[in-house]
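Student:
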Amino acid sequence: MTNSLAMIRFLDALDQPIAGLAHQLWVGKTLISDHLSNAQGESVWIQRPLGTVVDIRVRNITGDYQSQCTLTLSRAKASYIVRSSKLLLQAALLIRKIQPIGEYVRSTYVVKAGDTLSSIALSQHSTVAEIEILNNLEPHSLIYPNQILKIPHKKDTHISNNAPILQQQNSKHKTETPVVQVQATKPVNTSALLAQACGGEKHYQRSLARIAELHPSYQAKVIQLINTGFQTLGITWVITDGYRSPTAQGALAKNVTNAGPLQSYHQYGLAIDVVSVRQGEITYLKNDQQSVRDSQALGPIGEQLGLVWGGRFQGKNGPDYPHFELHPNAKTWRDLKPQLLQLGIQNYKKLVF
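Going by the working numbering, the residue at position 245 of the sequence shown is 256; the numbering climbs one at a time, nothing skipped.
Structure (structure tokens):
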């Protein structure tokens, strides 16, 4: 049987490459590639028998992969182009009849006189950092009228309606940490997390999974912490630990933690460990000093959000720089433990503050 060597390239409606597009390639029920397109909009080379039908799935704004088109491998070696069928220009939707049709979660914006990156980001419900990354712009780059910029798809406005309302109050005593009052505990849409804030697809997916494990009242703050840490510091992050069962807590060595089972906010879905990612790699695996420096920069951001930062811990094991926890309505784990035991430890997300 003759094989076909094929590569897929993603272009937008202006024939510009779509870089950083999260996509999957499937043959029947088999996943053969899970990849981000490169700067030229290219996927990976694949080799399959001639006549093989490849299903191309693209990640949407909810994080799900949806089938956009299929192609049949028809040549011994070929490059296949998938174009977006949609282009948003000053609120006018232009349709190009190009097959096969592909869609991606970005639109475009035509720069007008007087526009700045900040004003565009505000009007498009995006951030300057997102626009700079999508368009390969250097920080503080000049833009000009009629320039076409790629813009992330507008985030659904209902996302913020699901977020818990958290109000930070000043501590009555300087030695106490800020208090966060939780007024609502509806689940948060984790798609608000910026993929580029996580330094790569695998770190993004890992962080999404850890966020989903948390108590709903904490999810929004964690997303805000990572997004703000990326936008302010230019550093990407991954959540390495979120919810931790009492059994897992008890298995930790004593030189790692001072807390026993049900004595850590991890058991209540109210704690995370988050570390920096540089060049796609978790920093503490290669450069512990760099990891500590990055965490020391993120710590004050978390504290401004009303979180308790482990970098201030002074126990026998010293600071825990990657650690952040939420003390909702000033409640400690001692306050929450009786309620958790009554609910059942697996029902920690039902805790009421």
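Note that beta-carbon positions come from the ideal geometry of N, C-alpha and C, so glycine has one too.
Because the structure is a prediction, the values reported are computed rather than measured.
Check L42 in the structure and name its three-state DSSP category.
Tutor: Note: L42 maps to strand in three-state DSSP.
Student: Pick helix, strand or coil for F364, following the three-state DSSP scheme.
Tutor: Residue state, collapsed to three classes: coil.
Student: Pick out whichever of S306, Y276, I246, V249 has its Cα sitting closest to the Cα of A366.
Tutor: No information on residue 366 is available, as it lies outside the stretch 12 to 364 that the chain covers here.
Student: Please determine, among G310, Y254, K213, the residue with the shortest C-alpha to C-alpha distance to L236.
Tutor: Comparing Cα positions, the closest option is G310.
Student: Could you tell me the distance, in whole angstroms, from the CA atom of L82 to the CA atom of I57?
Tutor: If I take the Cα positions, the gap works out to 13 Å.
Student: Roughly how many angstroms separate the alpha carbons of R117 and F21, rounded to a whole number?
Tutor: The pLDDT assigned to R117 is 48, lower than 50, so where the model puts this residue is not dependable, and the model offers no usable value.
Student: Determine the DSSP secondary structure at P333, reduced to helix, strand or coil.
Tutor: Coil at P333, not helix or strand.
Student: Specify whether the stretch 244-254 and the stretch 221-231 touch according to this definition: at least 3 beta carbon pairs, one from each stretch, less than 8 Å apart.
Tutor: The stretch 244-254, when compared against the stretch 221-231, does touch it at the 8 Å Cβ threshold.
Student: Does the beta-carbon of Y155 have 16 or more other beta-carbons within 10 angstroms, so that it is buried, or is it exposed?
Tutor: So Y155 ends up on the exposed side.
Student: Report the start-end ranges of each beta strand (DSSP E) in the stretch 254-306 that is 3 residues or longer and not cut off at the edges.
Tutor: Qualifying beta strand (DSSP E) stretches, in chain order: 282-289.
Student: Going by CA-CA distance only, name the one from L205, V363, P257 that's closest to I234.
Tutor: Minimum Cα distance to I234 is reached at L205.
Student: How do the stretch 28-40 and the stretch 63-70 stand: do at least 3 beta-carbon pairs fall below 8 Å, yes or no?
Tutor: The stretch 28-40 is in contact with the stretch 63-70.
Student: Taking the DSSP output, what are the residues bridged to L47?
Tutor: BP columns for L47 point to A33.
Student: Relative to the C-alpha of F5, which candidate in L316, Q315, H334, G317 has its C-alpha closest?
Tutor: Absent from the structure is residue 5, since the part of the chain shown begins at 12 and ends at 364.
Student: Quick check on N358: does DSSP put it in helix, strand or coil?
Tutor: If DSSP states are grouped into helix, strand and coil, N358 belongs with the helices.
Student: In angstroms, rounded to a whole number, what distance separates the CA positions of D346 and I29?
Tutor: D346 and I29: Cα-Cα distance of roughly 51 Å.
Student: Using DSSP's beta-bridge definition, name the partner residues of R59.
Tutor: DSSP, once it has assigned bridges, lists S15 as partnering R59.
Student: What residues in its chain sit with their C-beta under 8 Å from that of T63, if we drop five residues either side in the sequence?
Tutor: Closer than 8 Å at the Cβ level, and outside the excluded window around T63, lie S15, V38, T83, L84.
Student: For N238 and H46, I'd like the C-alpha separation in whole angstroms.
Tutor: Rounded to the nearest angstrom, the two C-alpha atoms are 23 Å apart.
Student: Please return the same chain residues whose Cβ sits closer than 8 Å to the Cβ of V286, not counting the five positions on each side in sequence.
Tutor: Within the same chain, V286 has close Cβ partners W248, V249, T251, I293, T294, Y295, S302, D305, S306, P333.
Student: Out of Q51, L362, T13, which has the shortest C-alpha to C-alpha gap to P227?
Tutor: For the residues Q51, L362, T13, the minimum Cα distance to P227 belongs to L362.
Student: I'd like to check one pair, I142 with I162: are the Cβ atoms closer than 8 Å?
Tutor: Yes, Cβ-Cβ distance for I162 and I142 is below 8 Å.
Student: At a Cβ threshold of 8 Å, is I19 touching chain B?
Tutor: Here there is only one protein chain, and chain B is not present.
Student: Note down the Cα distance separating D284 from G125, rounded to an integer number of angstroms.
Tutor: In a straight line, the C-alpha of D284 is about 43 Å away from that of G125.
Student: For N269, I'd like the list of residues in its chain whose CB is within less than 8 Å of its CB, leaving aside the five on either flank, ordered along the chain.
Tutor: Closer than 8 Å at Cβ, skipping near neighbours: G326, K327, N328.
Student: Do you know offhand how far L160's Cα is from T243's?
Tutor: Spanning the two alpha carbons is a distance of roughly 22 Å.
Student: Mind checking who S78 pairs with in its DSSP beta bridge?
Tutor: Paired residues: R68.
Student: Secondary structure at D126, three-state DSSP: helix, strand or coil?
Tutor: If DSSP states are grouped into helix, strand and coil, D126 belongs with coil.
Student: Does DSSP put L351 in a helix, in a strand, or in coil?
Tutor: Correct three-state label for L351: helix.
Student: In the DSSP assignment, the alpha helix (DSSP H) including K161 goes from what residue to what residue?
Tutor: First-last for K161: 159-163, but that is the beta strand (DSSP E), not the alpha helix (DSSP H).
Student: Please report the residue range of the beta strand (DSSP E) in which I246 lies.
Tutor: Per DSSP, I246 belongs to no beta strand (DSSP E) and is neither H nor E.
Student: Of the residues Q158, D23, A282, P257, which one's Cα is nearest the Cα of G313?
Tutor: It is A282 whose Cα lies nearest to the Cα of G313.
Student: By DSSP, does R221 sit in helix, in strand, or in coil?
Tutor: In the structure shown, R221 sits in a helix (DSSP, three-state: H, G or I).
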